[in-house]
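Residues 2 to 146 (my numbering) make up the sequence shown, in order. In what follows, a structure is listed as structure tokens, so that the remarks can point back to it.
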Amino acid sequence: MSDTYDYPADIERDDDGHHVVTFPDFGWGATDGATRDEALSEARDLLRELIAATIREGRNLPRPSPATKRQSLVVPPLPIALKAALYEAFREVGLSQRRLARDLEVAESEVRRMLNPDHATKAATIDRALRRLGKRVSVSVGEAA
């Protein structure tokens with residue numbers, strides 16, 4: 002299980018002068034912007050979708066590789082990072098959704114929603130589920146890029 006969901010991104014200029022962003026750890030998907038800042042803003046949205054699609058497909062999330070000097074580190078939106086952490090912890094522990102629901106004293110449908118990357122879930126709810134799975138959330142704040 003990863004302890005961060007910040008992924009390195011490659012940014013290159015295309016023939017039209019746009020800044021094209023890709024995430025080598027995922028191996029698919031691209032976005033662009035007229036400026037580097039616009040491209041990085043779009044990259045956050047792309048990263049959210051890459052993580053969500055991987056969860057929807059039931060695949061393992063790639064472990065973020067260290068960023069090189071030529072790459073930019075992209076931080077995903079907090080809600081999808083929390084969903085990714087819960088998804089990975091749930092898979093790692095190997096509980097059924099029914100068992101987790103019973104342990105949390107919620108309906109099984111609530112656990113399905115917690116694991117659904119497209120359903121909004123309160124951070125406190127995910128934190129509670131992560132704690133039940135033996136994990137904890139830790140927040141760090143850094144300088145804006």
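Backbone N, C-alpha and C define an ideal beta-carbon position, used for all residues, glycine too. Given the structure is predicted, the values throughout are model-derived calculations rather than measurements.
Buried versus exposed call for residue i [16 or more other C-beta atoms within 10 Å across all chains shown]
| i | result |
| --- | --- |
| D16 | exposed |
| T69 | exposed |
| L41 | buried |
| L116 | buried |
| A125 | exposed |
| L79 | exposed |
| V149 | Residue 149 is absent from the structure shown; the chain starts at 2 and stops at 146. |
| D38 | exposed |
| V142 | exposed |
| A145 | exposed |
| E13 | exposed |
Own chain partners of residue i with C-beta closer than 7 Å, once the 5 adjacent residues on each side are dropped
| i | result |
| --- | --- |
| I81 | R49, I52, A53, P118 |
| Q72 | P9, A10, D11 |
Contacts around residue i, its chain only, beta-carbon distance under 8 Å, and the 5 residues preceding and following it disregarded
| i | result |
| --- | --- |
| R113 | Q98 |
| E43 | V22, T32, D33, G34 |
Candidates the options, of which the one nearest residue i by Cα
| i | options | result |
| --- | --- | --- |
| H20 | D11, F27, G28 | D11 |
| E93 | E58, K136, T55, R14 | K136 |
| S139 | E13, R64, R45, A86 | A86 |
| P77 | L101, R57, L47 | L47 |
| L83 | E109, A121, T36 | A121 |
As assigned by DSSP and simplified to three states, the class of residue i
| i | result |
| --- | --- |
| Y88 | helix |
| D38 | helix |
| A108 | coil |
| T122 | coil |
(message) Three or more C-beta pairs under 8 Å: does that hold for the segment 95-114 against the segment 128-141?
(response) yes
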